[in-house]
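Read the structure below first, then the notes.
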Amino acid sequence: MAHVMFGGLTHAPAVELCKKLVEITPDNLDSVFLADSGSVSVEIAMKMALQYWQAKQQPEKTKFISLRNGYHGDTIGAMSVCDPVTGMHTLFSDILAKNFFIPSPECKFGEPCQTEHIENLNTTLEKHHASVAALILEPIVQGAGGMKFYSADYLQQAKSLCEKYNVLLIADEIATGFGRSGKLFACEYAGISPDIMCLGKSLTGGYMTLAATLCSKEISQTISDYPPHVFMHGPTFMANPLACSVALASIRLLQESDWQANVNNIEQMLIKGLKKCSQLDDVEDVRVLGAIGVVELKNTVNMAKIQQAFVDVGVWIRPFGKLVYLMPPYTIEQRELNTLTNAIFDVLNNGKHL
Numbered sequence: 012m013a014h015v016m017f018g019g020l021t022h023a024p025a026v027e028l029c030k031k032l033v034e035i036t037p038d039n040l041d042s043v044f045l046a047d048s049g050s051v052s053v054e055i056a057m058k059m060a061l062q063y064w065q066a067k068q069q070p071e072k073t074k075f076i077s078l079r080n081g082y083h084g085d086t087i088g089a090m091s092v093c094d095p096v097t098g099m100h101t102l103f104s105d106i107l108a109k110n111f112f113i114p115s116p117e118c119k120f121g122e123p124c125q126t127e128h129i130e131n132l133n134t135t136l137e138k139h140h141a142s143v144a145a146l147i148l149e150p151i152v153q154g155a156g157g158m159k160f161y162s163a164d165y166l167q168q169a170k171s172l173c174e175k176y177n178v179l180l181i182a183d184e185i186a187t188g189f190g191r192s193g194k195l196f197a198c199e200y201a202g203i204s205p206d207i208m209c210l211g212k213s214l215t216g217g218y219m220t221l222a223a224t225l226c227s228k229e230i231s232q233t234i235s236d237y238p239p240h241v242f243m244h245g246p247t248f249m250a251n252p253l254a255c256s257v258a259l260a261s262i263r264l265l266q267e268s269d270w271q272a273n274v275n276n277i278e279q280m281l282i283k284g285l286k287k288c289s290q291l292d293d294v295e296d297v298r299v300l301g302a303i304g305v306v307e308l309k310n311t312v313n314m315a316k317i318q319q320a321f322v323d324v325g326v327w328i329r330p331f332g333k334l335v336y337l338m339p340p341y342t343i344e345q346r347e348l349n350t351l352t353n354a355i356f357d358v359l360n361n362g363k364h365l
């Protein structure tokens, strides 16, 4: 079927995909809005939160709280909740909506979240909750803003604070969804259900552009019940039939495979393969979670030089800032992953990143 704008009609691939997403995502996420890219899914999530509070007769709730080192996309709304320093958007700072930023979690993955670790969020919510529509964060793994892994306990307490102060929680799972962190969705580490969830990237296995924003029935129904009785967003290529079909095929392949064992094997191979980088003088930290491996350097890499060095040894690795990272496909073979980790060590060891 050729694409027709998804307004006032439906088709089987979209219906089946939405049913599947509701089935596999955390409880309470019962409504799905399809779009065509991750950044747009974040825009939609933010607009959902704003329109929800409009419908609840609380139009003063227009601000968002975001974490430092957070990254949510390159469109205007998404840029306003990216870290203003590490988010690559300083050129546009004067035109972006002014939101609240709190320090990124200091409690690392696997560690408990102490009172002092959550205090900044608690204080910000206590002081500004009347004007805050939602807290938006990347659960467990902060991606392009720093590839940091933080405590599931922090996420759990953040959800509790949002409930206490009547603020929505938006989980940006664009980078972490579909098993990347070791769980199907990173929110599962904390056992929480966000009010709104953003999905993209691996929704189609990377083969076509498609994204989804899921929300609770409370949010979707409240928006529908209040004039104009419809969510005010309508991307032309939302629910593209071919993209929906590809997404369904990708999810089925994932579910039919032993993906958890595959991700665990990749995790162990990354730990083993990147461990030797720890001995290098210019390396600050080496960390691995699920199918994510990160080498953090003490200094920013020379992009032109290091990119060419990787190409010269026959691999495609795209560092940024101080980070050299891998997020390999779950079908990668051990020899292929060894080639990648060895390339990282050799390039860094020979100083080709400086």
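Position in the sequence shown (from 1) plus 11 gives the number in the numbering used here.
Even glycine gets a Cβ: it sits at the ideal position worked out from N, Cα and C.
All figures in this text were calculated on a predicted structure; none of them were measured in a lab.
Residues bridged to Met-208 (per DSSP): Within the sequence shown, numbered from 1, the residue matching residue 208 stands at position 197. Looking at the DSSP output, Met-208 bridges to Ala-182, Leu-225.
Contact set for Cys-288: own chain, Cβ-Cβ below 7 Å, skip 5 residues either direction: Counted from its first residue, the sequence shown places residue 288 at position 277. If you ignore the 5 residues before and after Cys-288, its C-beta comes within less than 7 Å of the C-beta of Val-294, Val-297, Val-306, Ile-355, Phe-356, Leu-359, all in its own chain and listed in chain order.
Continuous alpha helix (DSSP H) stretch holding Gly-49: start and end: The residue labelled residue 49 in the question sits at position 38 within the sequence shown. Start and end: 49-66.
Distance between Gln-345 and Thr-135 (C-alpha atoms, nearest Å): Counting from 1 along the sequence shown, the entry for residue 135 is found at position 124. Counting from 1 along the sequence shown, the entry for residue 345 is found at position 334. So the alpha carbons of these two residues sit roughly 46 Å apart.
N- and C-terminal bounds of the alpha helix (DSSP H) containing Val-335: Here residue 335 corresponds to residue number 324 of the sequence shown, with the count starting at 1. Run containing Val-335: none in the alpha helix (DSSP H); it sits in the beta strand (DSSP E), 334-337.
Of the residues Ala-254, Leu-225, Ala-320, Val-274, the one placed nearest Asp-38, counting alpha carbons only: Translated into positions along the sequence shown, residue 38 becomes position 27. For Asp-38, the closest alpha carbon among the candidates Ala-254, Leu-225, Ala-320, Val-274 is that of Leu-225.
Residue range of the alpha helix (DSSP H) that includes Val-257: Stepping through the sequence shown from its first residue, residue 257 is reached at position 246. Residues 252-267.
Beta-bridge partners of Val-297, as assigned by DSSP: To locate residue 297, count along the sequence shown from 1; it is residue 286. Answer is Val-306.
DSSP state of Ala-169 mapped onto helix, strand, coil: Locating residue 169 in the sequence shown gives position 158, counting from the first residue. Of the three classes helix, strand and coil, the one that applies to Ala-169 here is helix, per DSSP.
Beta strand (DSSP E) segment containing Val-312, residue limits: Here the question's residue 312 lines up with position 301 in the sequence shown. That residue, Val-312, is in no beta strand (DSSP E); it is neither H nor E in DSSP.
CB of Thr-352 within 7 Å of CB of Leu-285, strictly: The count along the sequence shown starts at 1 and reaches residue 352 at position 341. The count along the sequence shown starts at 1 and reaches residue 285 at position 274. Judged by their CB atoms, Thr-352 and Leu-285 are nearer to each other than the 7 Å cut-off.
beta-carbon Phe-160 near the ligand NAP non-hydrogen atom, thresh 6 Å: In terms of ligand content, the structure shown is empty, and the ligand NAP therefore cannot be addressed.
Nearest-angstrom beta carbon gap, Ala-66 and Asp-236 [assumed within contact, 8 Å]: For this step, residue 236 is matched to residue 225 along the sequence shown. For this step, residue 66 is matched to residue 55 along the sequence shown. Confirmed, about 7 Å.
Contacting residues, own chain, Cβ-Cβ under 6 Å from Leu-45 (five flanking each side not counted): Position 34 of the sequence shown, counted from the start, is the residue given in the question as residue 45. Non-local C-beta neighbours of Leu-45 in its own chain, meaning closer than 6 Å and more than five positions away in sequence, comprise Ala-223, Met-249, Ala-250, ordered along the chain.
Beta-carbon proximity list for Ala-182, same chain, < 6 Å, skipping 5 on both sides: Taking the sequence shown and counting its residues from 1, the one referred to as residue 182 is at position 171. Answer for Ala-182: Pro-150, Cys-198, Pro-205, Met-208, listed in chain order.
Cβ-Cβ separation, Thr-247 to Met-16 (assumed contact under 8 Å), whole Å: Start at 1 with the first residue of the sequence shown, and residue 16 comes out as number 5. Start at 1 with the first residue of the sequence shown, and residue 247 comes out as number 236. 6 Å between Cβ atoms; contact.
Proximity of Asn-133 and Leu-172 at Cβ, strictly below 7 Å: As a working mapping, residue 133 is identified with position 122 in the sequence shown. As a working mapping, residue 172 is identified with position 161 in the sequence shown. Their beta carbons are under 7 Å apart, which means Asn-133 touches Leu-172 by this criterion.
Residues near Arg-79 in its chain [Cβ-Cβ closer than 6 Å; skip 5 each side]: Taking the sequence shown and counting its residues from 1, one reaches residue 79 at position 68. Answer for Arg-79: Asp-94, Phe-112, Pro-114, Ser-115, listed in chain order.
Beta-carbon spacing of Gly-157, Gly-49 below 7 Å: Along the sequence shown, read from residue 1 onward, the residue named residue 157 stands at position 146. Along the sequence shown, read from residue 1 onward, the residue named residue 49 stands at position 38. Contact flag unset, no.
Burial state of Gln-290 (16 or more Cβ within 10 Å): Translated into positions along the sequence shown, residue 290 becomes position 279. Counting Cβ neighbours within 10 Å, Gln-290 comes out exposed, since fewer than 16 surround it.
Three CB pairs or more closer than 8 Å across the segment 18-27 and the segment 184-200: No, the segment 18-27 is not in contact with the segment 184-200.
Opposing strand residues paired with Tyr-161 [DSSP bridges]: In the sequence shown, counting from the first residue as 1, residue 161 sits at position 150. Its beta-bridge partners are Lys-119.
Thr-187 beta carbon less than 7 Å from that of Tyr-63: Reading the sequence shown from its first residue, position 52 is the one you call residue 63. Reading the sequence shown from its first residue, position 176 is the one you call residue 187. With contacts defined by Cβ atoms closer than 7 Å, Tyr-63 and Thr-187 do not form a contacting pair.
Per-residue DSSP class, three states only, for Ser-42: Residue 42 sits at position 31 when you count from the first residue of the sequence shown. In the structure shown, Ser-42 falls within a strand segment according to DSSP collapsed to helix, strand and coil.
Residue nearest to Val-299 in terms of C-alpha spacing, selected from Gln-319, Tyr-218, Lys-283, Asn-313: The count along the sequence shown starts at 1 and reaches residue 299 at position 288. Of the listed residues, the one whose Cα sits closest to Val-299 is Lys-283.
Residues near Asn-273 in its chain [Cβ-Cβ closer than 7 Å; skip 5 each side]: Working through the sequence shown from its first residue, we reach residue 273 at position 262. For Asn-273, where only same-chain residues beyond five positions count, the Cβ hits under 7 Å are Tyr-341.
DSSP state of Lys-74 mapped onto helix, strand, coil: For the purposes of this step, residue 74 is identified with residue 63 of the sequence shown, where counting begins at 1. Strand.
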